[in-house]
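Residue numbers (this note's numbering): -12 to 157.
Every residue gets a Cβ at the ideal spot worked out from N, C-alpha and C, and that includes glycine.
Below is one structure, written out as structure tokens; the observations come after it.
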């Protein structure tokens, strides 16, 4: 049996990058994403003894991060500023600056949050529909429907004419 510190270090190593990516997609701000991940890990440390099954750690951490993001809006009313997604720079080595990636980020940003969030949980975090339903507190059928509609809207926004007009603008 691992001691608490070893378990925590293992969780940080395995999930911190995935948590950061999800946090960044939620808030579109590097500093806030870092704060969300840090607060999620602090909560994880305090409640680690309550985690009985290490296989549930991923869902537990993502749910904690999502709730921490919601708490952020309960505490303060942030100033909302329209920012172009291409103006947000990410210093990670794997950040794709191609035209296709730009169009995809734009298309994702245009999706309603109710469609974008389950799609990102599936694509970025690798959750299945049942896990997403549990995290978002909705039915599995609702998750399936939202994923279908999200993909449909992405396909439509990135198809032929829309995609070509974006490319021509660049």
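Cβ neighbours of residue i in the same chain (closer than 7 Å, five flanking residues each side left out)
i: residue 107; result: 9, 12
i: residue 53; result: 122
i: residue 61; result: none
i: residue 109; result: 119, 134
i: residue 28; result: -1
C-alpha distance - residue i paired with residue j, whole-angstrom precision
i: residue 141; j: residue 130; result: 16 Å
i: residue 93; j: residue 23; result: 23 Å
i: residue 111; j: residue 121; result: 17 Å
i: residue 89; j: residue 14; result: 18 Å
i: residue 151; j: residue 37; result: No answer about residue 151 holds up, because its pLDDT of 48 lies below 50 and its placement is not dependable.
i: residue 57; j: residue 17; result: 17 Å
i: residue 103; j: residue 39; result: 31 Å
i: residue 26; j: residue -3; result: 17 Å
i: residue 125; j: residue 114; result: 14 Å
i: residue 105; j: residue 84; result: 24 Å
i: residue 21; j: residue 143; result: 33 Å
i: residue 32; j: residue 87; result: 39 Å
i: residue 132; j: residue 4; result: 28 Å
Beta carbon of residue i nearer than 9 Å to that of residue j
i: residue 188; j: residue 2; result: The chain is shown from -12 up to 157; residue 188 falls before or after that span and cannot be answered.
i: residue 59; j: residue 19; result: yes
i: residue 49; j: residue 95; result: no
i: residue 35; j: residue -9; result: yes
Spatial neighbours of residue i in its chain, beta-carbon cut-off 6 Å, leaving aside the 5 residues before and after
i: residue 127; result: 116, 117, 120
i: residue 30; result: 51
i: residue 55; result: 23, 26, 27
Proximal residues to residue i (C-beta, below 8 Å), its chain only, five neighbours per side dropped
i: residue 145; result: 90, 91, 94
i: residue 47; result: 31, 38
Any non-hydrogen atom of the ligand PLP within 8 Å of residue i CB
i: residue 109; result: Absence of the ligand PLP is noted for the structure shown, with no ligands found whatsoever.
- Query: Does the stretch 85 to 102 touch the stretch 132 to 147, meaning 3 or more C-beta pairs lie closer than 8 Å?
  - Reply: yes
- Which runs of the alpha helix (DSSP H) fall wholly inside the stretch 97 to 146 and span at least 4 residues, in chain order? 100 to 110, 116 to 123, 127 to 145
- Go through the stretch 21 to 45 residue by residue and report every complete run of the beta strand (DSSP E) that reaches 3 residues or more, in order. none
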